[in-house]
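What follows is a short report on a single structure.
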Amino acid sequence: MGLINIKINGSSRSIDVDGDTPLLWVLRDNLGLTGTKFGCGIALCGACTVFVDDRPLRACSLPISALGESEVTTIEGVTGREAVAVQSAWVARDVPQCGYCQSGQVMSAIALLKEIRKPTDRDIDLALNGNLCRCATYVRIRAAIHDAARALEG
Amino acid sequence: MMRAPTLALAATALLATVSAGAQRMLGQTQTSDANAKSIALFREAGKVLQSPRCLNCHPGADRPTQTDRMEPHRPWVVRGIDGSGAPGLHCGACHHAANFDAARVPGNPGWRLAPASMGWQGRSLGAICVQIKDPARNGGRDMTALLHHVAQDSLVGWAWRPGGARTPAPGSQATFGALMRAWAESGAGCPPDKPE
Numbered sequence: 001m002g003l004i005n006i007k008i009n010g011s012s013r014s015i016d017v018d019g020d021t022p023l024l025w026v027l028r029d030n031l032g033l034t035g036t037k038f039g040c041g042i043a044l045c046g047a048c049t050v051f052v053d054d055r056p057l058r059a060c061s062l063p064i065s066a067l068g069e070s071e072v073t074t075i076e077g078v079t080g081r082e083a084v085a086v087q088s089a090w091v092a093r094d095v096p097q098c099g100y101c102q103s104g105q106v107m108s109a110i111a112l113l114k115e116i117r118k119p120t121d122r123d124i125d126l127a128l129n130g131n132l133c134r135c136a137t138y139v140r141i142r143a144a145i146h147d148a149a150r151a152l153e154g
Numbered sequence: 155m156m157r158a159p160t161l162a163l164a165a166t167a168l169l170a171t172v173s174a175g176a177q178r179m180l181g182q183t184q185t186s187d188a189n190a191k192s193i194a195l196f197r198e199a200g201k202v203l204q205s206p207r208c209l210n211c212h213p214g215a216d217r218p219t220q221t222d223r224m225e226p227h228r229p230w231v232v233r234g235i236d237g238s239g240a241p242g243l244h245c246g247a248c249h250h251a252a253n254f255d256a257a258r259v260p261g262n263p264g265w266r267l268a269p270a271s272m273g274w275q276g277r278s279l280g281a282i283c284v285q286i287k288d289p290a291r292n293g294g295r296d297m298t299a300l301l302h303h304v305a306q307d308s309l310v311g312w313a314w315r316p317g318g319a320r321t322p323a324p325g326s327q328a329t330f331g332a333l334m335r336a337w338a339e340s341g342a343g344c345p346p347d348k349p350e
């Protein structure tokens, strides 16, 4: 155990954890940021997707000791045009069913739109293949990402 | 008096002819032996090249495989433009600078797929041999650069430090590098392009 500093959602926090603790555990158990979900713990489901230095990353797959000076952004802190467009489209399309996977889906959708302004169905499928939804809301997710892309054009 | 020089000349010519033939035959044998030795060295190196640790990230198509059983990678990921995945789902979303056994995720700072031109799955060892020394397909490497790559590259070296329950590639990177160097120095011969 030892004090580790973490830059999270625009602020700095110090936490006393073992360096091998996955970032996901730190977010949920130490920082109380439970919007990021635990799904599988082995980087298969995407429920724990966050941004590290603006790139999507599965929080279960990174030990906190490997974070270094990088900045973490979770669903609670994500901002920007893409985030607003995606969240608005999600609400308008009423995308979630049970909702458990949705914070990960939203983070991956934002990441895709930052890289590809007008994604095709294939772009969406390839980017979100790693985000599983047991309710199978995939059709609404895809439609909402197209909506968000159109909103960003305007 | 005139026949002795003629015989002498004929004998010399015959000797020269015999000698040239013998030398040619000897040379062919040496060349054949050297090529056989070179091919044998590559077959040995092929035990590494065709191990799951290497083949998983040298797929024949766009999707990598994983585990010792070379199952399709889960989740479904693709090579992308530069081997680091599709926009929005880069390799780095899950694979980081080091193996993380708690999540069963392997890692290396250079984690990515081999280029499509270096796909090995589904190819014979002979085809891989020709491919691996072709700068048009191997990333522009001449033999010196190729030998340096196999002996020193950190991502290649990951194959012997895969972490978790993954079976490492046979031997060591140093042994593999030495094998490849011996193969190159013996003429870089290739096995025939047919299933081993």
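First to last, the protein sequences are chains A and B.
Note that this note's numbering has the first sequence beginning at 1, numbered continuously upward.
Note that this note's numbering has the second sequence beginning at 155, numbered continuously upward.
Just so it is clear, CB atoms sit at the ideal spot from N, CA and C, and this is done for glycine as well.
With a CB to CB cut of under 6 Å and the five nearest residues on each side skipped, what residues in its chain are close to Gln-177/B? In this prediction, Gln-177/B scores a pLDDT of 47, lower than 50, which makes its location untrustworthy; the coordinate-derived value is nonetheless stated afterwards. Around Gln-177/B: no qualifying Cβ.
When the distance is taken between beta carbons, is Val-304/B closer than 8 Å to Met-272/B? no
Among Arg-122/A, Ile-15/A, Ile-8/A and Gly-77/A, whose alpha-carbon lies nearest the alpha-carbon of Met-1/A? Ile-15/A
Using a Cβ-Cβ distance cut-off of 8 Å, determine whether Pro-213/B contacts chain A. no
In chain order, what residues of the same chain have a beta carbon less than 7 Å from the beta carbon of His-250/B, not counting five sequence neighbours either side? Gly-261
Measuring straight from C-alpha to C-alpha, what distance separates Asp-18/A and Phe-254/B? 14 Å
At the level of alpha carbons, what is the spacing between Gly-325/B and Ala-136/A? 46 Å
Count Cβ pairs between the stretch 273-284 of chain B and the stretch 296-316 of chain B that sit closer than 8 Å; are there 3 or more? no
For a cutoff of 8 Å on Cβ pairs, would you count Gly-19/A as touching chain B? no
To the nearest angstrom, report how far apart Pro-241/B and Gly-264/B are at their CA atoms. 17 Å
Tell me the start and end of each unbroken alpha helix (DSSP H) in the stretch 194-268 of chain B that is at least 4 residues and wholly inside, in chain order. 206-209
Rounded straight-line distance, which links the Cα of Arg-81/A to that of Val-341/B: Sequence inspection shows Gly at residue 341/B; the Val mentioned does not correspond to that position. Each residue's Cα considered, the two are about 59 Å apart.
Quick one: what's got a C-beta closer than 7 Å to Arg-13/A's C-beta in the same chain, skipping five residues either side? Ile-6 and Leu-31
Chain A within 8 Å of Ala-290/B, Cβ atoms only: no
Collapsed DSSP secondary structure at Gly-341/B in the structure displayed: coil
What number of angstroms, rounded off, separates the C-alpha of Ala-290/B from the C-alpha of Gly-239/B? 22 Å
So what does Lys-162/A bridge to, in DSSP terms? Only positions 1 to 154 of chain A appear in the structure, and residue 162/A is not among them; the question remains open.
Are there 16 or more other CB atoms within 10 angstroms of the CB of Trp-274/B, so buried, or fewer, so exposed? buried
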